[in-house]
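Single-structure report; data block below.
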Amino acid sequence: MTIYKDQKAIQLTPELREYLLESSVREAPVLQKLREHTATMPEKDMQVLPEQGQFMGMLTKILQPKNILEIGTYTGYSALCMSLAAPNAKVTILDVNVEWTKIAEKYWSEAGVRDRIDLILAPALESLKNLSGKSFDLIFIDADKKNYPIYYQECLNLLSETGVMLIDNVLWNGRVIDPNYTDTLTKVIRNLNETIKNDSRVDICMLPIGDGLTMIRKNGSGGGTRTPDTRIMIPI
Ligand SMILES: C[S@@+](CC[C@H](N)C(=O)[O-])C[C@H]1O[C@@H](n2cnc3c(N)ncnc32)[C@H](O)[C@@H]1O
């Protein structure tokens with residue numbers, strides 16, 4: 000582990016993040032309106048950051064998913080980023096909050112994507128059971144953290160062979176490395192990160208964007224890194 004410490008990664012200061020935003024974020028007007036609306040709400044910090052939304056939009060364009068699943072939509076920003084980037088995809092959204100998802104629906108309608116979105120208002124644990132047997136090419140998990148370990152396992156079953164799963168808040172505002180935090184949610188996130196790291200079924204990548212985002216794909220989905228390439232083992 001210590002060898003990693005010698006390699007320097009950039010620290011994203013507020014000023015540098017400002018630069019990053021100014022020089023790369025191109026937010027569609029409807030996304031900007033939704034973000035400005037959400038900024039007036041007390042729970043505004045639940046929304047994904049614009050640079051993360053843009054990353055998710057880019058990933059969606061690359062993957063061209065037919066079916067997208069999101070757990071936890073709040074006012075619908077991340078769902079809108081993905082929906083706009085995949086004009087033919089069917090999007091399934093799981094949430095429990097009527098008030099917040101009404102706002103989401105308003106902006107999804109304004110963006111012309113509402114008719115492709117199936118909003119299921121029920122606890123995600125319940126809804127996931129009903130989705131059993133379905134397949135999704137892109138899954139974003141961003142709801143109640145205590146159930147993250149179950150969402151991870153259930154969503155792995157729902158993930159298509161070449162699909163990508165994204166899990167948000169994996170750095171948990173830095174608490175993952177702070178020993179002073181021994182609360183249940185911090186432990187859940189730490190344990191899940193460890194479980195995923197040790198799960199030989201998947202390829203992973205943890206990105207320091209927003210509050211930390213882990214990307215997951217099944218490692219049999221082509222170009223996997225776990226099977227040794229025997230060609231490079233032949234002595235020459
Ligand atoms: C962090 S917010 C999602 C933010 C959203 N992805 C965005 O881009 O703005 C979490 C959401 O999870 C929802 N939620 C909480 N518990 C849930 C549960 N048991 N099942 C489904 N959704 C739940 C909340 O209502 C809330 O809208």
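If you're matching positions, the sequence shown starts at 0 in numbering that gives the first Met the number 0 and goes up one per residue.
Heads up, the beta-carbon is just placed ideally off N, CA and C, and yes, glycines get one too.
Note that the structure is a prediction, hence the values are computed from the model and not measured.
| query | result |
| --- | --- |
| Verify the contact flag: alanine 110, CB atom, against every heavy atom of ligand 1, threshold strictly below 7 Å. | no |
| Measure from the alpha carbon of serine 126 to the alpha carbon of each residue in Asn96, Asp141, Pro207, Ile92, then state which is nearest. | Ile92 |
| Return yes when at least one heavy atom of ligand 1 lies under 7 Å from the C-beta of isoleucine 70, else no. | yes |
| In the DSSP assignment, the alpha helix (DSSP H) including isoleucine 195 goes from what residue to what residue? | 183-196 |
| Does the separation of the CB atoms of isoleucine 215 and valine 169 fall below 8 Å? | no |
| Please name the residue or residues paired with valine 163 in a DSSP beta bridge. | Leu137 |
| Can we count threonine 194 as close to ligand 1, meaning its CB is less than 7 Å from some heavy atom? | no |
| Counting Cβ pairs closer than 8 Å, one from the region 131-141 and one from the region 106-122, do we hit at least three? | no |
| For asparagine 87 and lysine 65, I'd like the C-alpha separation in whole angstroms. | 7 Å |
| Taking 7 Å as the cut-off, does the CB of asparagine 96 come closer than this to any heavy atom belonging to ligand 1? | yes |
| Looking at leucine 130 and ligand 1, is the gap between the Cβ and the nearest heavy atom below 7 Å? | no |
| Is leucine 93 near ligand 1, in the sense that its beta carbon is under 7 Å from a heavy atom of that ligand? | yes |
| Could you check if alanine 88 belongs to the surroundings of ligand 1, using beta carbon to heavy atom distance under 7 Å? | no |
| For ligand 1, any of its heavy atoms closer than 7 Å to the Cβ of tryptophan 171? | no |
| Check whether the Cβ of valine 201 lies closer than 7 Å to any heavy atom of ligand 1, and answer yes or no. | no |
| Sort Met57, Ala27, Leu83, Met40 by Cα distance to isoleucine 116 and report the nearest one. | Leu83 |
| So does proline 122 have its beta carbon nearer than 7 Å to some heavy atom of ligand 1? | yes |
| Since isoleucine 116 is in the beta strand (DSSP E), which residue starts that stretch and which ends it? | 116-120 |
| According to the Cβ coordinates, are lysine 217 and leucine 158 closer than 8 Å? | yes |
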